[in-house]
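Single-structure report; data block below.
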Amino acid sequence: MLLPKFEYHEPSTLQEALKLLSDLGGNAKLLAGGTDLLVRMKRKIDKPSHVISLARIPGLDEIVPRNGHSVTIGSAVSAAKLAGHELLSDRFTPLAMAAGRLGAPMIRNRATIGGNLVNARPAADLPPACMVLDATLKLKSASREREVLVNEFFRGPGETIIEQDELLVSIDINTPAPWSGGSYIKLGARKTLEISMVNVAVMLTLQSPDGSITDAKIALGAVAPTPVRALLAEKQLIGATPSEALFEKAGQVGVGTCSPITDHRGTMEYRCMMIEVLTKRCLMQAFERAKSWRPGR
Ligand SMILES: Cc1cc2nc3c(=O)[nH]c(=O)nc-3n(C[C@H](O)[C@H](O)[C@H](O)COP(=O)(O)OP(=O)(O)OC[C@H]3O[C@@H](n4cnc5c(N)ncnc54)[C@H](O)[C@@H]3O)c2cc1C
Numbered sequence: 012m013l014l015p016k017f018e019y020h021e022p023s024t025l026q027e028a029l030k031l032l033s034d035l036g037g038n039a040k041l042l043a044g045g046t047d048l049l050v051r052m053k054r055k056i057d058k059p060s061h062v063i064s065l066a067r068i069p070g071l072d073e074i075v076p077r078n079g080h081s082v083t084i085g086s087a088v089s090a091a092k093l094a095g096h097e098l099l100s101d102r103f104t105p106l107a108m109a110a111g112r113l114g115a116p117m118i119r120n121r122a123t124i125g126g127n128l129v130n131a132r133p134a135a136d137l138p139p140a141c142m143v144l145d146a147t148l149k150l151k152s153a154s155r156e157r158e159v160l161v162n163e164f165f166r167g168p169g170e171t172i173i174e175q176d177e178l179l180v181s182i183d184i185n186t187p188a189p190w191s192g193g194s195y196i197k198l199g200a201r202k203t204l205e206i207s208m209v210n211v212a213v214m215l216t217l218q219s220p221d222g223s224i225t226d227a228k229i230a231l232g233a234v235a236p237t238p239v240r241a242l243l244a245e246k247q248l249i250g251a252t253p254s255e256a257l258f259e260k261a262g263q264v265g266v267g268t269c270s271p272i273t274d275h276r277g278t279m280e281y282r283c284m285m286i287e288v289l290t291k292r293c294l295m296q297a298f299e300r301a302k303s304w305r306p307g308r
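Here the sequence shown stands for residues 12 to 308, where the numbers follow our numbering.
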């Protein structure tokens with residue numbers, strides 16, 4: 012399948028890219044890793060007459076820690092870089108784990124966090140991880156700038172609140188509190204190159220290694236038109252003493268948040284069963300990490 016004809020632009024500054032986006036209107040598409048866009052163009056789902064590459068814009072592919080308080084992740088950071096980043100693995104664990112499960116090594120070298128979020132597939136790996144980390148997305152156009160919580164970003168399959176003239180510049184995440192730990196589990200029919208049948212991301216914060224749960228976040232993917240937070244299950248956990256029975260109950264409550272479909276990857280019933288099992292498992296893993304939290308790592 013050949014790509015349709017288009018004009019290629021390679022701006023070397025963010026301002027130049029934003030001006031192009033604004034001038035070219037709906038005829039232009041941004042190109043990050045191209046693992047979604049080029050496939051859609053080959054299939055004639057997207058037919059932009061102009062493609063604007065992000066490759067030469069400085070800073071978009073950088074991960075910048077901010078004095079232990081937060082981290083700023085450029086939208087063009089690849090999944091491979093996220094997965095291999097020591098600070099992210101240690102403190103922002105669900106994101107590094109999810110990035111390590113995206114596609115296969117070749118895809119991870121190209122696929123970016125920005126492309127994964129803007130593409131907004133219900134089964135995508137990175138949105139649930141960003142949701143449990145309360146990520147803030149910085150959106151910019153030629154004339155304005157705004158910050159949006161990732162939980163408010165997704166509208167439906169392939170739909171977000173981003174405007175045609177806006178570019179996702181960065182993803183900002185505050186460093187989780189002491190005694191926090193997280194995890195991510197993806198269920199697919201294969202170990203690699205597989206879209207999730209169900210995926211679960213979790214962050215837990217404890218009062219102390221043997222204390223109660225002071226904060227809990229659970230996000231589920233591939234179970235509804237957008238990734239969802241299991242708010243009722245989170246409520247059950249906050250203030251409670253961690254135990255296997257508590258995590259099991261949270262998994263059962265979490266199922267109520269979802270409206271999974273039956274498709275070629277799995278039936279609705281199987282997905283519901285797996286949400287329960289994997290939420291419990293993910294909570295257990297997050298709890299183990301929270302207990303072994305160490306300062307200054
Ligand atoms: C073989 C294969 C396997 C895959 N496996 C998985 C998987 O396991 N899990 C998964 O989640 N995904 C998977 N994908 C999908 C894809 O790789 C990811 O969604 C990837 O993260 C997209 O990033 P990208 O940089 O390639 O985006 P692109 O294709 O460059 O862009 C995707 C969309 O986002 C827009 N965009 C990109 N960057 C920005 C920005 N900064 N601001 C505004 N708009 C922007 C583009 O205009 C385009 O509409 C797979 C794809 C393939 C081809």
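Backbone N, C-alpha and C fix where the C-beta goes; we use that ideal spot for every residue, glycine too.
Q) From L29 to A134, what distance separates their C-alpha atoms? A) 29 Å
**Q.** Per DSSP, cross-strand counterpart(s) of Y281
**A.** According to DSSP, which records beta bridges pairwise, Y281 is partnered with nothing at all.
**Q.** Proximity test, S86 beta-carbon vs ligand 1 heavy atom, cut-off 6 Å
**A.** Yes, ligand 1 has a heavy atom inside 6 Å of this Cβ.
Q | T171 CB to nearest heavy atom of ligand 1 below 6 Å | A | No, since every heavy atom of ligand 1 falls outside the 6 Å radius drawn around the Cβ of T171.
Q.
Can you check which of these residues, G232, R77 and S194, is closest to I286 by C-alpha distance?
A. I286 has its Cα closest to that of G232, out of G232, R77 and S194.
Q. Closer than 6 Å: is that where the CB of T147 sits relative to any heavy atom of ligand 1?
A. no
Q: Indicate, with yes or no, if ligand 1 has a heavy atom lying under 6 Å from the CB of A109.
A: False, no ligand heavy atom lies under 6 Å from that Cβ.
Q: Put A227 into one of helix, strand or coil per three-state DSSP.
A: strand
Q: May I ask you to report which of helix, strand or coil DSSP gives S64?
A: strand
Q) Does the separation of the CB atoms of A301 and L217 fall below 7 Å? A) yes
**Q.** Environment of L242 [buried if 16+ CB atoms lie within 10 Å]
**A.** exposed
Q. Which one of V266, Q247, M214 and P187 has the shortest CA to CA distance from A235?
A. V266
(Q) Taking 6 Å as the limit between beta carbons, can you name the residues of its chain near A90, skipping five residues before and five after? (A) A110, L113, R119 and A122
Q.
I'd like to know if the stretch 282-297 and the stretch 196-215 are in contact, where contact means that at least 3 CB-CB pairs between them fall below 8 Å.
A. Here the stretch 282-297 lies against the stretch 196-215, with 3 or more beta-carbon pairs under 8 Å apart.
Q: Count the other CB atoms, across all protein chains shown, that sit within 10 Å of the CB of P306; report buried if there are 16 or more and exposed otherwise.
A: exposed
Q. When the distance is taken between beta carbons, is L99 closer than 7 Å to L106?
A. yes
Q. With 16 other CB atoms within 10 Å as the buried threshold, where does D101 fall?
A. exposed
Q: Return yes when the C-beta of I56 is under 6 Å from any heavy atom of ligand 1, and no when it is not.
A: no
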